[in-house]
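Here UniProt numbering is used: the first residue of the sequence shown is 1, the next is one more, and so on.
C-beta atoms are modelled at their ideal positions from N, C-alpha and C, and glycine is treated no differently.
Worksheet: the structure to be examined is printed underneath.
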Amino acid sequence: MRRRHRTVFRLILLVIPVFLIVHYLLGGPKRVPMKEGTVELDKLCSEVANDCYIVKQSVHRSQKVTRFLVSEKHSQNGYFTISSVPMKIDHTGNLAPDYSSLSFECINAMVVASYMTSSLRLNREGRVLSLGLGGGTLDMFLYSRQPLLDLTVVELDPTMEEVARKWFGAVEDARRRTVLGDGAEFVRLAAREGIKYDAIELDACNAAEELFRCPAEAFYDDETMRSMKEALTEGGVLVINLLSSNKSILYTKVKEHFPFCWMARMRTENEVVACAKKEPEEAVMEKFKEVSRALGLAARIGFVKFDRFTVPRTKIVEGDAQTKCMCTQRRIIDKGTNGSVFIDEER
1 MRRRHRTVFR
11 LILLVIPVFL
21 IVHYLLGGPK
31 RVPMKEGTVE
41 LDKLCSEVAN
51 DCYIVKQSVH
61 RSQKVTRFLV
71 SEKHSQNGYF
81 TISSVPMKID
91 HTGNLAPDYS
101 SLSFECINAM
111 VVASYMTSSL
121 RLNREGRVLS
131 LGLGGGTLDM
141 FLYSRQPLLD
151 LTVVELDPTM
161 EEVARKWFGA
171 VEDARRRTVL
181 GDGAEFVRLA
191 AREGIKYDAI
201 ELDACNAAEE
211 LFRCPAEAFY
221 DDETMRSMKE
231 ALTEGGVLVI
241 NLLSSNKSIL
251 YTKVKEHFPF
261 CWMARMRTEN
271 EVVACAKKEP
281 EEAVMEKFKE
291 VSRALGLAAR
301 IGFVKFDRFT
311 VPRTKIVEGD
321 AQTKCMCTQR
331 RIIDKGTNGS
341 VFIDEER
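The structure is reproduced here in structure tokens:
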């Protein structure tokens with residue numbers, strides 16, 4: 001009897017690997033070699049932005065696949081990339097966005113900066129409001145990596161919402177939702193109704209204008225700035241993607257409303273500004289390093305220093321200059337200036 005049991009056990013050990021191999025060959029995901037190069041997948045035009053969004057996909061010789069979103073209007077002198085995400089083969093054998101990492105350095109910094117204060121903590125419940133959707137990479141990274149978060153995204157442009165849902169995997173469920181509407185009006189209403197968020201991510205830009213600027217002009221309004229502060233929990237943080245030639249305007253505005261602000265300058269034209277209603281309980285840089293390691297973003301971000309800033313003693317000049325990309329990957333030369341920060345470019 002014991003010998004029979006041993007025989008059956010050996011047969012099972014032989015059958016299981018054969019079954020797994022057959023299952024993989026017949027129904028499992030297959031990596032079919034793809035042709036190298038860049039192709040256009042779709043083009044959707046927006047009346048709101050007075051622009052067309054072009055979805056492109058690039059296949060490297062290593063078979064690494066990247067999907068990215070380009071503005072047609074702002075791409076006169078090269079790609080003006082709005083969003084970029086690496087792709088992976090999912091369980092069905094199809095390509096799907098891989099939100100285990102992020103491409104743009106400013107989005108990496110914005111994600112980590114959300115955890116710099118005491119309100120939002122890793123692997124804990126929390127509420128995040130994102131003003132501006134883009135391709136949805138920021139909120140979908142949080143959705144993928146932090147399943148206890150409640151995420152609300154406000155996007156003015158219905159075409160952008162369609163792009164994010166159709167091509168970049170943006171989902172609608174109990175944990176994440178996209179609200180179509182004006183972000184400034186949304187946050188003013190939230191403040192009036194006493195709705196609170198642990199982090200507010202401001203990544204809404206003036207895409208309809210010839211001179212591209214982040215954040216959009218509506219968010220420089222005193223009432224809107226005051227509303228963003230009121231809509232934060234006591235330990236909450238406002239994180240801003242800043243892209244402008246006159247950054248002193250925003251520095252001045254946030255310091256009028258927030259007692260504590262920090263700035264990280266990229267090796268690109270973007271900066272990330274983080275503001276809080278009260279001083280963080282932990283050292284800002286130690287918290288930044290801890291969170292970047294925990295989220296697997298340390299290698300992407302590299303050496304970073306968030307410096308607390310005061311309003312620069314410079315004359316604020318009206319107007320703005322054309323900038324090149326929402327999260328441009330072009331290196332700038334800016335060494336040794338006070339408060340400067342260098343973040344490794346995409347590897």
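Worksheet item: Quick one: any contact between the segment 170-177 and the segment 135-149, if contact means 3 or more CB pairs under 8 Å?
Response: yes
Worksheet item: With distances taken from CA atoms, which of 115, 146 and 213 is nearest residue 275?
Response: 115
Worksheet entry | 8 Å CB neighbourhood of residue 61 in its chain, flanking five on each side removed | 36
Worksheet entry | Environment of residue 38 [buried if 16+ CB atoms lie within 10 Å] | exposed
Discussion item. Here's the rule: buried if 16 or more other CB atoms are within 10 angstroms of the residue's CB, otherwise exposed. What is residue 76?
Written reply: exposed
Worksheet item: When we look at the beta-carbon of residue 110 and count the other beta-carbons within 10 Å, is it buried (16 or more) or exposed?
Response: buried
Discussion item. So, for residue 131: in the same chain, excluding its five sequence neighbours on each side, which residues have a beta-carbon less than 6 Å away from its beta-carbon?
Written reply: 154, 183, 202 and 204
Item to complete: Indicate the three-state DSSP secondary structure (helix, strand or coil) for residue 152 in the structure shown.
Response: strand
Worksheet item: When we look at the beta-carbon of residue 198 and count the other beta-carbons within 10 Å, is it buried (16 or more) or exposed?
Response: buried
Fill in: Spatial neighbours of residue 165 in its chain, beta-carbon cut-off 6 Å, leaving aside the 5 residues before and after
none
Worksheet item: Can you give the Cα-Cα distance for residue 234 and residue 282, rounded to whole angstroms?
Response: 15 Å
Discussion item. Among 216, 307 and 188, whose alpha-carbon lies nearest the alpha-carbon of residue 231?
Written reply: 188
Worksheet entry | residue 247 versus residue 92 - alpha carbon distance | 46 Å
Item to complete: Report all residues from its chain with a CB closer than 8 Å to the CB of residue 295; omit the five preceding and five following residues, and keep chain order.
Response: 111, 112, 122 and 145
Discussion item. Runs of 3 residues minimum, wholly inside the segment 263-290: which ones carry the beta strand (DSSP E) assignment?
Written reply: 271-276
Discussion item. Please classify residue 126 as buried or exposed, where buried requires at least 16 neighbouring CB atoms within 10 angstroms.
Written reply: buried
Fill in: Test item: CB-CB of residue 106 and residue 206 under 8 Å
no
Discussion item. Using C-beta distances below 6 Å, list every residue in its chain close to residue 324, excluding the 5 sequence neighbours before and after it, in chain order.
Written reply: In this prediction, residue 324 has a pLDDT of 39, which is less than 50 and means its spatial position is unreliable; nothing more can be read from the coordinates.
Discussion item. Suppose the cutoff is 8 Å on Cβ atoms and the five residues either side in sequence are ignored; what does the same chain contact list for residue 34 look like?
Written reply: 59, 63 and 65
Practice prompt. Would you list, in sequence order, the uninterrupted alpha helix (DSSP H) runs of no fewer than 4 residues that lie entirely inside the segment 212-241?
Written response: 222-230
Item to complete: Round the Cβ separation of residue 124 and residue 142 to the nearest angstrom and send it over; I've been treating them as touching at under 8 Å.
Response: Not confirmed; about 13 Å, so no contact.
Item to complete: Name the two residues that bound the continuous alpha helix (DSSP H) containing residue 254.
Response: 248-257
Discussion item. Measuring only the C-alpha atoms, how far is residue 67 from residue 301?
Written reply: 21 Å
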